[in-house]
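The structure under discussion appears below in the form of structure tokens.
Protein chains in written order, with the numbering used here: chain A, 119 to 394; chain B, 21 to 333.
The following block contains the structure:
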């Protein structure tokens with residue numbers, strides 16, 4: 119595809135704070151010169167990315183590579199040291215309604231006294247606005263979303279009584295409820311059962327067929343090329359990004375995972391088992 | 021036992037105070053910030069003292085303002101120290117509230133020569149004396165403490181009524197709240213302000229130590245008894261009122277058995293709250309220690325988990 123022209127840093131003027139006019143506004147996510155630091159230690163460095171529309175994008179990299187931070191930076195959840203991330207040509211603040219976020223499952227307390235339907239209904243809160251209660255029609259939509267991820271029968275169950283996979287499905291249903299165009303998902307496949315994994319993949323494909331764009335932080339190198347048609351390899355910096363077939367190379371993986379031999383071996387194994 | 025109108029007022033004040041505390045307390049417990057209640061209830065002291073020293077009166081409005089500011093500052097300082105000092109939140113809270121409390125005690129000691137604000141009262145309160153301080157309202161003499169705690173209870177009810185959805189969201193998933201445009205920081209400080217103001221209202225009646233029991237114990241009890249946030253709020257208020265009533269009864273009756281004259285009501289309210297919690301802990305339909313043991317004796321462990329599942333819905 120047109121990955122070359124979109125992704126080489128040289129096409130960007132330095133330290134530009136305005137969206138470049140050359141950006142077609144339909145680009146779901148454009149990131150320029152983005153740097154994030156915690157306690158003065160950089161976590162993301164000079165990120166340049168353009169995510170094309172309608173793609174299933176896998177974000178791959180070792181632990182601590184800044185994958186989750188990248189998603190959070192796009193959502194204004196962490197302060198940026200420099201640069202910007204634009205959603206459909208605008209700052210996140212102005213395009214909230216077009217984005218849905220699926221955080222890591224461990225990021226919340228599953229003993230919280232709410233049921234599955236309550237959590238899914240939270241996806242409607244932005245539409246509702248301050249003070250307004252969840253309407254009947256929104257509750258019906260939440261029920262539909264639960265049906266779509268295959269756990270409609272668990273709607274009234276307290277969330278601590280759900281399995282890990284079911285909890286993940288609740289999070290996905292909540293994202294569906296947001297009715298967004300861009301979905302940012304932080305390790306939805308982590309520690310889920312095979313059936314849930316399949317359901318998530320199916321859901322991603324469905325979203326992609328409807329022209330939605332999904333960015334998914336992913337850990338399993340063995341499945342990465344089967345699940346995703348676009349890849350971002352990241353380790354503090356973007357090592358490579360583009361169509362899966364072109365990006366998922368031994369050289370790029372070596373650059374991404376560096377000296378981590380154990381992981382490298384896994385990567386090599388994955389390479390052997392996956393036709394490039 | 022000799023029940024008088026005085027006793028009725030004590031129970032009413034205790035109940036209003038406990039109910040007012042239980043509402044924001046539910047969210048503190050759910051956010052795993054129980055000790056923030058402790059910190060704020062101590063740290064409002066300098067706010068109170070400074071408000072008093074500036075205005076020279078114990079007028080409620082100035083006191084509440086001072087307390088609210090001190091409460092928000094406690095939350096703010098704690099956050100700063102956690103972020104920039106690289107220590108965990110518990111340690112940061114420990115640093116902030118002990119320092120502020122010490123400053124508050126010094127200020128009160130300073131002022132104590134010419135006013136009625138003594139450290140003993142600050143710690144344990146004087147709920148037995150509150151009915152003496154009355155305000156004429158529509159022809160009735162109502163104890164000031166009843167009015168103040170009543171207003172605070174009402175305020176807490178209104179805020180939680182209006183922002184139930186927002187508080188639920190930001191307590192469960194603050195990141196999602198932020199991405200949806202509900203500032204979790206604003207809601208955090210709103211809750212902290214509620215805790216500070218509620219604490220101050222409760223302060224005079226039950227003191228800064230017992231107030232922690234009121235903030236935390238009824239909500240913790242409620243959490244054992246339900247898996248629904250709305251029901252949790254209701255049960256917490258009921259448990260709080262129950263603790264106030266049985267606490268005062270206990271204060272009148274129990275010392276007699278042991279050969280004492282009387283004991284403090286506020287202490288007995290905290291004790292009663294603790295006993296109610298123990299009962300819930302033993303007999304709760306979901307988590308109760310005895311309930312579970314009983315069930316395990318009756319059924320196989322497998323069907324047990326299935327059973328709690330259906331109960332939860």
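By construction, the Cβ of each residue, glycine as well, lies at the ideal position given by its N, Cα and C atoms.
Counterpart residues of residue i in DSSP-defined beta bridges
i, result
"residue 160 (chain B)", "B:157"
"residue 301 (chain A)", "A:218 and A:332"
"residue 361 (chain A)", "A:348"
"residue 204 (chain A)", "A:148 and A:209"
"residue 168 (chain A)", "A:148"
"residue 159 (chain A)", "A:156"
"residue 176 (chain A)", "A:334 and A:349"
Distance CB(residue i)-CB(residue j) smaller than 8 Å
i, j, result
"residue 322 (chain A)", "residue 174 (chain A)", "yes"
"residue 102 (chain B)", "residue 120 (chain B)", "no"
"residue 224 (chain B)", "residue 145 (chain B)", "yes"
"residue 202 (chain B)", "residue 190 (chain B)", "yes"
"residue 64 (chain B)", "residue 147 (chain B)", "no"
"residue 261 (chain A)", "residue 270 (chain A)", "yes"
"residue 231 (chain B)", "residue 46 (chain B)", "no"
"residue 165 (chain A)", "residue 147 (chain A)", "no"
"residue 303 (chain A)", "residue 183 (chain A)", "no"
"residue 272 (chain A)", "residue 285 (chain A)", "no"
"residue 188 (chain A)", "residue 359 (chain A)", "no"
"residue 245 (chain A)", "residue 289 (chain A)", "no"
"residue 242 (chain B)", "residue 252 (chain B)", "yes"
"residue 304 (chain B)", "residue 207 (chain B)", "no"
"residue 395 (chain A)", "residue 201 (chain A)", "Any answer about residue 395 (chain A) is impossible in this case: the structure gives chain A only from 119 up to 394."
"residue 296 (chain A)", "residue 218 (chain A)", "yes"
"residue 68 (chain B)", "residue 124 (chain B)", "yes"
"residue 234 (chain B)", "residue 38 (chain B)", "yes"
"residue 291 (chain B)", "residue 267 (chain B)", "yes"
Cα-Cα separation between residue i and residue j, rounded to whole angstroms
i, j, result
"residue 139 (chain A)", "residue 207 (chain A)", "For residue 139 (chain A), the pLDDT reaches just 48, beneath the cut-off of 50, and the residue's location in the model is therefore unreliable, although a value from the coordinates is still provided. Those two C-alpha atoms are separated by around 10 Å."
"residue 220 (chain A)", "residue 277 (chain A)", "16 Å"
"residue 149 (chain B)", "residue 258 (chain B)", "25 Å"
"residue 368 (chain A)", "residue 178 (chain A)", "14 Å"
"residue 316 (chain B)", "residue 308 (chain B)", "12 Å"
"residue 48 (chain B)", "residue 299 (chain B)", "22 Å"
"residue 85 (chain B)", "residue 204 (chain A)", "42 Å"
"residue 315 (chain A)", "residue 308 (chain A)", "9 Å"
"residue 279 (chain B)", "residue 272 (chain B)", "12 Å"
"residue 173 (chain B)", "residue 50 (chain B)", "20 Å"
"residue 127 (chain A)", "residue 149 (chain A)", "Only weak support is given to the placement of residue 127 (chain A): the predicted model assigns it a pLDDT of 42, under 50, and the question is left unresolved by the model."
"residue 342 (chain A)", "residue 294 (chain B)", "54 Å"
"residue 170 (chain B)", "residue 87 (chain B)", "18 Å"
"residue 212 (chain B)", "residue 60 (chain B)", "8 Å"
"residue 366 (chain A)", "residue 198 (chain B)", "34 Å"
"residue 44 (chain B)", "residue 331 (chain A)", "40 Å"
"residue 180 (chain B)", "residue 250 (chain A)", "13 Å"
Exposure of residue i, with buried meaning 16 or more beta-carbon neighbours within 10 Å
i, result
"residue 185 (chain B)", "buried"
"residue 130 (chain B)", "exposed"
"residue 311 (chain A)", "exposed"
"residue 191 (chain A)", "buried"
"residue 221 (chain B)", "buried"
"residue 265 (chain A)", "exposed"
"residue 155 (chain B)", "exposed"
"residue 370 (chain A)", "buried"
"residue 181 (chain A)", "exposed"
"residue 156 (chain A)", "exposed"
"residue 237 (chain B)", "buried"
Interface flag, residue i vs chain A, CB-CB below 8 Å
i, result
"residue 192 (chain B)", "yes"
"residue 268 (chain B)", "no"
"residue 12 (chain B)", "The question about residue 12 (chain B) has no answer here: the residues shown for chain B are numbered 21 through 333."
"residue 307 (chain B)", "no"
"residue 249 (chain B)", "yes"
"residue 199 (chain B)", "yes"
"residue 252 (chain B)", "yes"
"residue 48 (chain B)", "no"
"residue 195 (chain B)", "yes"
"residue 241 (chain B)", "no"
C-beta neighbour in chain B for residue i, strict 8 Å
i, result
"residue 209 (chain A)", "no"
"residue 214 (chain A)", "yes"
"residue 276 (chain A)", "yes"
"residue 260 (chain A)", "no"
"residue 303 (chain A)", "no"
"residue 287 (chain A)", "no"
"residue 354 (chain A)", "no"
"residue 251 (chain A)", "yes"
"residue 226 (chain A)", "yes"
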